[in-house]
């Protein structure tokens, strides 16, 4: 499938900002065999004093922008054309939980894709006993890691209400879990916490979701904003599989990936340091249009 | 060496020898006595010197050491509640003596260990062969908060990760030294070691002079040279990066900065421009090429490390990546402090260096491995159990680490369950016992457990080990290492040579080229604090003078509603001071603000000045609880005025006339000009009550000059002339402006190509207006206007130099 992606992030500041520096992670990335970026362009208003980029530990491309002139508004605009292949549901040849434990223990690597990075608490995902217990109960009947991940993904979709007003970008997994409400970021964090609590390596994916629903189907929630889902290591044989708890599905042809990390903190769209005393308001608008 | 007359040395001691009462603990090695009870090398001389001094003189000597530490303001900050309190440095007075031969064994072992650590960390952030080859469990890296992913693959600009390390050592029951822990992130204590040495030799200078004790200065000189050689290569400055004055060991950061001539920098002093770290100075941005980091790595860059850090510099990691800054030590080296790593050191040493560890370390079992987990569960009672990923030393970890046997049955069961399911989070460690050394208490010697803290620095000739300086001394005779959790004291460590030692000083040696650090490197933040220190000190003085005049009249007339008193009280209210309070809160706050500003720049003025300011604060606080208005308060204000003068004198007479002093002076002049202009306006308007003029002259400290200059024509005009327009009266507004102008012209960029800077021009305009003004034009409104314009000048200075 071929998509055109358009994103605008707008920051309105109460008081003029005297310079600032940001790390921005919003551009789709090429994932060999799954996703290919055909064209991508990122622009800013005001014009940055300096713009460089680098690749972070997990392989995500980061734009490093510096502003020196005072400004009251910052706009980040992305346009991209991306080819995504739907691999379909993988056959479940994944390991059992015990087997997975052994495979992790034998995984002698700390390279970026190693499951070792995705087992412990990370900056935004704590291991919460209540969530672990929930995950264990909801996945008790599933034999394999893939089945367990799917069971948890479905359970969160069933038990949680999509409610953008209930949480914000700082909400911790435990709070969202108690509320049983939130948005894609919260659902992803809760699912990651549950999986790691059971010893299953899990990480966070940031990306976009296609806007226009296939004929006769309901519009997918979260499509008018940036999206997030979960990647799960299902053992040496199956490797990483991506699940979208917001939409109760395996991420496929509708999901356009920007990049991934242990949690939101590793792949947040914008990290910044401003010289200001005021607060700000953020808006984002996203369009994902299927070209063919 | 000069041999002292043996006659005088063997003078009969007053009473029995100190060591006759010293009782060894059974089965515990002692640093002073060997197992047969004989004094070890060096101790014999120290003890006979003590005996010769006698207990009275000895106590007086030790008091001298404490006095020195108090006078020098040596403190550390201890956080046991929300607020950290400054604590006096707890010096155990008797130095710990270690024989040169033994020290060599320790040094050799630590050089090996430093080298091993360098190899390990280079691999963790480099090729990761240790993990791939199964020598280092991946969990210990990938699940470790000290593993800083943005630094993976980044080679340090200097070629090395480690430059300054510390090791904690203890002597086990078998008499051998053991490594208890490694400090690799940003080790503290080297400055305290220096202060231990200065204080101890203050008490025991004669003994120290006679024994061959290795000096510490050479170690610091070599390390400083190492820092400057790196900086020279890049042409930038060398600084110490401190988290700021609320840090536990801020005193030490300021002390070392002063001692080695480095800039003391906080995150906000720095800015990264195009990948280059720059320091904001009063002369603009200047490049920095070496930072001796005393801040935990995760805080140094809010963009790439901890997003919530408020003490970092955005872009610092980028600067590291681009190779434009050398971090001492490299970001990420904290991972080497991980407790579980100890379990793998023997194996790593063999693999990386092809030989065994020269100094053993505490036997450690990481519960992430099945066999080791079983061992820990089976021997639970006999082991110290603690967090695998902790980076604190077991005996600094009051909450997390305990001996299995010391837990309740419930705690044991819970922890054992946890270890069974989450083994990777725990380690079991052999509960080390320590040796003892004597402390002096109530005129007697008593054995207390000790650990050594030994520092290693990279120099141009390889690793150098600081010869002594720092031991920790337990507070009870309990010699299990964990007992050190209960705190204690610090002692100097003397490495005793058999031959005379080289005398070293940090002062340039003959033949060294004299290098003067050029001025103009004053960080903007320090300059800002200096201005505020000057302003607050001056504001205190103005307030104290007015309060004294007010209370003296109150005592005399005992009618608080007298118009002159009301007028005065109204003025005080305008500066947030309540005249009905004998020691007004507003004044106490100004004093606190002065202390706070001074606290930010401890490296920039003398310990005496700092002590004088603290003394002023304490005195004022004491007064607040006991004095009444009137006579009482008048006397109290006189005392405060004297103490303020003492502070100003110490600072102004002793501070080198660098840019720093100029900013302090600018603050003082600004504030004095503002205060005098305002009070003159209040007390000279048409309906000013009776006695206003006398009061004004008293506040302006100009009664005598007024009488002398205007004996016949004394009146409002003459008072205004003297306090506002007189170029020779050091209290007049004009005098302040003239001084200000002088400072502004002398500052960096004050005059460029014959042109005054914009700030100096503004000051000149104001000054010119006063020079040409007549007293009768100086109405209260005009004076008000002048004081506002001086306030504007202060903002201009801030905008010009501090942003």
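Residue numbers (my numbering), protein chains in the order written: chain A, 104 to 395; chain B, 832 to 1634. We treat Cβ as the ideally placed atom computed from N, Cα and C, and that holds for glycine. Only a predicted model underlies this, so the values are computations on that prediction, with no experimental measurement involved.
(1) What is the rounded straight-line gap between the Cα of residue 121 (chain A) and the Cα of residue 155 (chain A)?
(2) With residue 1606 (chain B) and residue 1567 (chain B) assumed to form a contact (beta carbons below 8 Å), what rounded beta-carbon distance in angstroms separates them?
(3) Quick one: Cα of residue 1106 (chain B) to Cα of residue 1146 (chain B), how far?
(4) Could you pull out every residue in the same chain whose Cβ sits closer than 7 Å to the Cβ of residue 953 (chain B), ignoring the five residues on either side in sequence?
(5) At a Cβ threshold of 8 Å, is residue 57 (chain A) touching chain B?
(6) Beta-carbon within less than 7 Å of residue 863 (chain B)'s beta-carbon, same chain only, minus the 5 sequence neighbours each way: which residues are those?
(7) Using a Cβ-Cβ distance cut-off of 8 Å, determine whether residue 288 (chain A) contacts chain B.
(8) Am I right that residue 1385 (chain B) and residue 1461 (chain B) are in contact with their C-beta atoms under 8 Å? What's the rounded C-beta distance?
(9) Using a C-beta to C-beta distance shorter than 7 Å, which residues of chain B count as neighbours of residue 160 (chain A)?
(10) Is the beta carbon of residue 1098 (chain B) closer than 8 Å to that of residue 988 (chain B)?
(11) Please report the Cβ distance between residue 1313 (chain B) and residue 1226 (chain B), rounded to the nearest whole angstrom; I am assuming they are in contact, meaning their Cβ atoms lie under 8 Å.
(12) I think residue 1093 (chain B) touches residue 1069 (chain B), with their Cβ atoms under 8 Å apart; what is that distance to the nearest whole Å?
(13) Using a threshold of 8 Å, state whether the C-beta atoms of residue 1322 (chain B) and residue 926 (chain B) are closer than that.
(14) Below 8 Å on the Cβ atoms is my guess for residue 1264 (chain B) versus residue 1003 (chain B); work out the distance and round it to an integer in Å.
(15) How far does the alpha helix (DSSP H) with residue 358 (chain A) in it extend, from its first residue to its last?
(16) Just checking, does the segment 1077 to 1091 of chain B make contact with the segment 1112 to 1122 of chain B on the three C-beta pairs under 8 Å criterion?
(17) Give the straight-line distance between the Cα atoms of residue 1635 (chain B) and residue 1440 (chain B), rounded to the nearest whole angstrom.
(18) Quick one: complete alpha helix (DSSP H) runs, 4+ long, within the segment 1198 to 1280 of chain B?
(19) Strictly under 8 Å for the Cβ-Cβ distance: is residue 1271 (chain B) near chain A by that measure?
(20) Could you check which residue in A:354, A:148 and A:307 has the C-alpha nearest to that of residue 365 (chain A)?
(21) With respect to the beta strand (DSSP E) encompassing residue 920 (chain B), which residues constitute its N-terminal and C-terminal limits?
(22) Within the 8 Å Cβ cut-off, does residue 959 (chain B) reach chain A?
(23) Measure from the C-beta of residue 331 (chain A) to each C-beta in chain B and report whether the shortest distance is under 8 Å.
(24) Of all the residues that make up the segment 1216 to 1244 of chain B, which are near chain A by a beta-carbon distance shorter than 8 Å?
(25) Hey, could you find the ends of the alpha helix (DSSP H) residue 290 (chain A) is sitting in?
(26) Could you check which residue in B:1108, B:1078, B:1073 and B:1112 has the C-alpha nearest to that of residue 1096 (chain B)?
(27) Rounding to the nearest angstrom, what Cα-Cα distance links residue 1350 (chain B) and residue 1286 (chain B) in this structure?
(28) Contact between the segment 1356 to 1373 of chain B and the segment 1423 to 1439 of chain B is defined here as three or more beta-carbon pairs at a separation below 8 Å; is this criterion met?
(29) How many angstroms separate the CA atom of residue 1222 (chain B) from the CA atom of residue 1232 (chain B)?
(30) In chain order, what residues of the same chain lie with their CB nearer than 7 Å to the CB of residue 283 (chain A), ignoring the 5 residues before and after it?
(31) Chain B partners of residue 153 (chain A), CB-CB under 8 Å?
(32) Using only alpha-carbon positions, find the residue among A:116, A:163, A:212 and A:216 that is nearest to residue 342 (chain A).
(33) In the structure shown, what three-state DSSP assignment does residue 400 (chain A) receive?
(34) What did DSSP end up calling residue 1311 (chain B) once you bin it into helix, strand or coil?
(35) Going by Cα to Cα distance, which pick from A:238, A:328 and A:311 is closest to residue 267 (chain A)?
(36) Quick one: measure Cβ to Cβ for residue 985 (chain B) and residue 1137 (chain B), integer angstroms, because I've assumed they're closer than 8 Å.
Let's see:
(1) Distance between the alpha carbons of residue 121 (chain A) and residue 155 (chain A): 20 Å.
(2) Incorrect: roughly 17 Å between the Cβ atoms, too far for contact.
(3) 7 Å
(4) 992
(5) Because residue 57 (chain A) is not part of the residues shown, which for chain A are 104 to 395, the question remains open.
(6) 870, 871, 874, 1268 and 1269.
(7) no
(8) 5 Å
(9) 980, 981 and 983
(10) no
(11) 6 Å
(12) At roughly 5 Å, the Cβ-Cβ gap stays under 8 Å, so residue 1093 (chain B) and residue 1069 (chain B) are in contact.
(13) In contact: residue 1322 (chain B) and residue 926 (chain B) (Cβ atoms closer than 8 Å).
(14) 6 Å
(15) Unbroken run through residue 358 (chain A) is the beta strand (DSSP E), 358 to 364; no alpha helix (DSSP H).
(16) no
(17) Past the boundaries of the shown model lies residue 1635 (chain B); chain B is included only from 832 to 1634, so the question cannot be answered.
(18) Whole alpha helix (DSSP H) segments, 4+ residues: 1201 to 1209 and 1240 to 1252.
(19) no
(20) It is A:307 whose Cα lies nearest to the Cα of residue 365 (chain A).
(21) Per DSSP, residue 920 (chain B) belongs to no beta strand (DSSP E) and is neither H nor E.
(22) Interface criterion met: the Cβ of residue 959 (chain B) is under 8 Å from a Cβ in chain A.
(23) no
(24) none
(25) Residue 290 (chain A) -> alpha helix (DSSP H) spans 287 to 300.
(26) The residue with the shortest Cα to Cα distance from residue 1096 (chain B) is B:1073.
(27) Only weak support exists for where residue 1350 (chain B) lies, its pLDDT of 46 falling under 50; the value from the coordinates is given anyway. So the two alpha carbons sit approximately 32 Å from each other.
(28) yes
(29) 12 Å
(30) In the same chain as residue 283 (chain A), and ignoring 5 residues on each side of it, the C-beta atoms closer than 7 Å to its own belong to 262, 263 and 264, in chain order.
(31) 1105
(32) Residue 342 (chain A) has its Cα closest to that of A:216, out of A:116, A:163, A:212 and A:216.
(33) This structure gives no information on residue 400 (chain A), because the portion of chain A shown stretches from 104 to 395.
(34) strand
(35) A:328
(36) In fact, because the Cβ distance is near 18 Å, the residues do not count as touching under 8 Å.
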